[in-house]
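For reference, the structure discussed in these notes is given below.
There are 2 protein chains.
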Amino acid sequence: MTRTDLNELRKDPLLGRWVAVLGKSKTPAEYQLPPHEQPETSCILCQGRESEAPGEIMSLRAPGSDAAAKKWSTRVIPNFAPIFQVEGDLGRRGDGMYDKMNSIGANEIIIESPEHNSSPEDMGLDQMTRVITTYRERMSDLEKDPRLRYTLIYKNAGRDAGAVFSHPISHLASTPVIPKRVKEELDGAKQYFAYKERCLFCDLIREEMRVGSRVILETRHFLAFCPYASKFPFEIWILPKQHQCAFQDIRPEETEDMALMLSSVLKKLKTLFPGLSFNYFIHSAPNRVPRKDHWHTLGEDFHWHLEIMPRFLKTSGFEWGSGFYILPTSPEDASKYLREV
Amino acid sequence: MTRTDLNELRKDPLLGRWVAVLGKSKTPAEYQLPPHEQPETSCILCQGRESEAPGEIMSLRAPGSDAAAKKWSTRVIPNFAPIFQVEGDLGRRGDGMYDKMNSIGANEIIIESPEHNSSPEDMGLDQMTRVITTYRERMSDLEKDPRLRYTLIYKNAGRDAGAVFSHPISHLASTPVIPKRVKEELDGAKQYFAYKERCLFCDLIREEMRVGSRVILETRHFLAFCPYASKFPFEIWILPKQHQCAFQDIRPEETEDMALMLSSVLKKLKTLFPGLSFNYFIHSAPNRVPRKDHWHTLGEDFHWHLEIMPRFLKTSGFEWGSGFYILPTSPEDASKYLREV
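These protein sequences, in sequence, are chains A and B. Be aware that the first sequence starts at 93, since it is given in the working numbering, and climbs by one per residue. Be aware that the second sequence starts at 93, since it is given in the working numbering, and climbs by one per residue.
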């Protein structure tokens, strides 16, 4: 091992988590992907089989089309086996020395395409714009429920990422508590703001644009880069360049630009790693409607973003026991491979 | 769904993490396990092939045996591809707005048995006692290095748990920082202690013994139970009943009793789920030798324990994005199945 090949430890500025970055990066060809599965050609989520799925919550349809004609572009339905139930009160209570509450919330499936084998990133910008519009509409709607503190939009693509359907879908889970992972980001961003009087994410954007080596793509309103202390190799974050705390505040021109960014980045990732399983999720400010006082702080110190997590690796007792991650490919090299696609 | 089948949310008292517990528990037969693989019969870690592996760090041998006779019971060697390097200084420094340091530390493989297909839990109490003694000796030794803040002992059993070798081994990783997951436990336990003036773990033991429904096994010195707000179904924690902050302070009679406890619990888990992949790891107080002042507080408010994590489920974007987990089998039911094996 030459001196430049030494591994190094890097600290994530948001969560305070350390990762080990290998001095000699693994190339994309050195990652083992599972054999490509032959997907089915139709499922219960496809256009034409609406009656077999639970009742529709919302849909986007081409203007002027007749609902009875079933010509939808995106469609939202309740989860088949919901973990959280919509009806009831929170019922917070003790249980011996412990604490519990009712499992109040929402679980929805966002069908991203009427066709089984067409992903929105391959259907042109209009379809991806509709997907992002659907995300925004559901988040805005669920924010009105004072029992719900947070709505997580997430996607599981491929079996190794926990996908059950091969139809292109995303998921939504609204919970009556702020999930721990989100709380940690809020706390980390708040600490940074208290010290610097600047938004951590705005600083990250400026730093990444200054350095350049981790940037994958820049559009008019968004920046995509591989974070300095990523958890997984080829992890990608997409942030709005202008400060914005809540995803549902996204404006129409930003929605289109976000569609361009997300489509481009997903296509790059899938070109580099055909058949790769990945997750993505949006981290946004917690629901603000019933809590106007919190919102004033959160508005300044939090900045929504989308995180894409490729799932090449099996996590072991090391990651689960320590919360420490190992990056076989440095973010600089990962970003270079993605840029050059 | 009847009223008693309602899902509920439970809060983990240590980390403040919420989990959803399904009202209707999945039975052990309903979990899908991967097909049982035919293991090889020999590998580079086996007795007789010592010269093919990196140099020995320590070994336990039967009294009176000649080292040249190669009759070892347990053996510790460096990792084949170490992430952390033993030589050098920490070199903490800035990198633009970020922070990094050299990857100083130790990575060791603890070979738990000279035979390829004999696990210590199946070889009688003496062998498991030797494994635990080996853990203790390595942790005590590494605690002396003032650059190292923490030593994590962990095991990956089965491919779905990240195992690379099928020979029975554990791993050890010493890091120059306290890993995030351990830091969170220390912080949670400290907060509880500040509020209650009692050790959280001692309270957990008393509560679990009072309630009884989550207890799997009690021995003279140890208690095994399924935690109230487990992250994964059939998760098991083993704690010393008497307060003890650091694993390496374990006494000889406790070591034997710990061997009995760990063997029994692993055998129960493997009987219920043949071929199951699982991880376990020990959470203990951070290294105390160079930091006598910290140790006085940690001694009171932290309590070492071993966590066993069965790996049935693929984590999805929900878990990674939220830090929120879903338990298809309640800890009470899981504990009942394990008790009755």
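We treat Cβ as the ideally placed atom computed from N, Cα and C, and that holds for glycine.
Around the C-beta of phenylalanine 172(B), fewer than 16 other C-beta atoms lie within 10 Å, and the residue is accordingly described as exposed.
Counting of Cβ neighbours within 10 angstroms places proline 423(B) among the buried residues, the total reaching 16 or more. Alanine 426(A): member of the alpha helix (DSSP H) spanning 423-432, first to last residue. The contact set of glutamate 100(B) on chain A, defined by CB atoms closer than 8 Å, consists of Lys192, Met193, Asn194, Ser195 in chain order. With a contact defined as Cβ atoms closer than 8 Å, arginine 306(B) and tyrosine 287(B) miss out at about 23 Å. DSSP lists Gly186(A), Lys103(B) as the beta-bridge partner residues of aspartate 191(A). The beta carbon of proline 238(B) sits no closer than 7 Å to any beta carbon of chain A. In the three-state reduction of the DSSP assignment, serine 211(B) falls in the coil class. Of all residues in the region 266-288 of chain A, those with a C-beta nearer than 7 Å to a C-beta of chain B are Thr267, Val269, Pro271, Lys272, Arg273, Val274, reading in chain order. Rounded to the nearest whole angstrom, the C-alpha separation of serine 195(B) and aspartate 97(B) is 50 Å. Under the 7 Å criterion on CB atoms, methionine 350(A) is classed as non-interfacial with respect to chain B. The straight-line gap separating the alpha-carbon atoms of arginine 228(A) and glycine 254(A) is approximately 24 Å. Leucine 114(B) sits in coil when the DSSP states are folded into three classes, being neither helix nor strand.
Interface with chain B (7 Å Cβ-Cβ cutoff): methionine 189(A) is included. Counting only runs of at least 3 residues, the region 306-379 of chain B fully encloses the following beta strand (DSSP E) elements, listed from N- to C-terminal order: 307-310, 314-317, 328-332, 370-375. For the pair of segments examined, the region 254-271 of chain B was found not to touch the region 404-422 of chain B: the number of CB pairs separated by less than 8 Å stays below three. Contact between arginine 230(A) and glutamate 200(A) holds, since their C-beta atoms are separated by about 7 Å, short of 8 Å.
Nearest CB-CB separation between isoleucine 224(B) and chain A: not below the 7 Å threshold.
Threonine 243(B) carries a strand assignment under DSSP once its states are collapsed to helix, strand and coil. Bridge pairing for leucine 264(A): Glu200(A), Ile245(A) [DSSP].
If the five residues before and after serine 266(A) are omitted, its C-beta is found closer than 6 Å to the C-beta atoms of Gly197, Ala198, Leu234, Leu240, Thr243, all from its own chain and listed in chain order. Contact of lysine 333(B) with chain A is not assigned, every C-beta pair being separated by 7 Å or more. Residue contact with chain A for arginine 109(B): present (Cβ-Cβ distance below 7 Å to some residue of chain A). A contact between stretches requires three or more CB pairs, one per stretch, nearer than 8 Å, and the region 290-307 of chain B fails this requirement with the region 108-125 of chain B. Inter-residue distance for serine 258(A) and histidine 208(A) is about 8 Å (C-alpha atoms, whole angstroms). Tyrosine 372(A) is positioned such that its CB atom lies no closer than 7 Å to that of lysine 275(A).
When DSSP states are grouped into helix, strand and coil, valine 178(B) belongs to the coil group. In this structure, valine 433(A) keeps its C-beta atom at 7 Å or more from the C-beta atom of leucine 354(A). Among the residues of chain A, those whose CB is under 9 Å from the CB of histidine 263(B) are Ser408, Gly409, Phe410, following chain order. A Cβ-Cβ distance of about 16 Å is found for the pair histidine 397(A) and phenylalanine 324(A), leaving them out of contact under the 8 Å criterion.
For threonine 407(B), the secondary structure class from DSSP, reduced to helix, strand or coil, is coil. Within the same chain, and ignoring the five residues on either side of cysteine 337(B) in sequence, the residues whose Cβ sits closer than 7 Å to its Cβ are Ala377, Leu390, Gly391, Phe394, His395, Trp396. Excluding residues up to 5 positions away in sequence, Thr166, Glu204, Pro212 lie with their Cβ nearer than 7 Å to the Cβ of valine 223(B) in the same chain.
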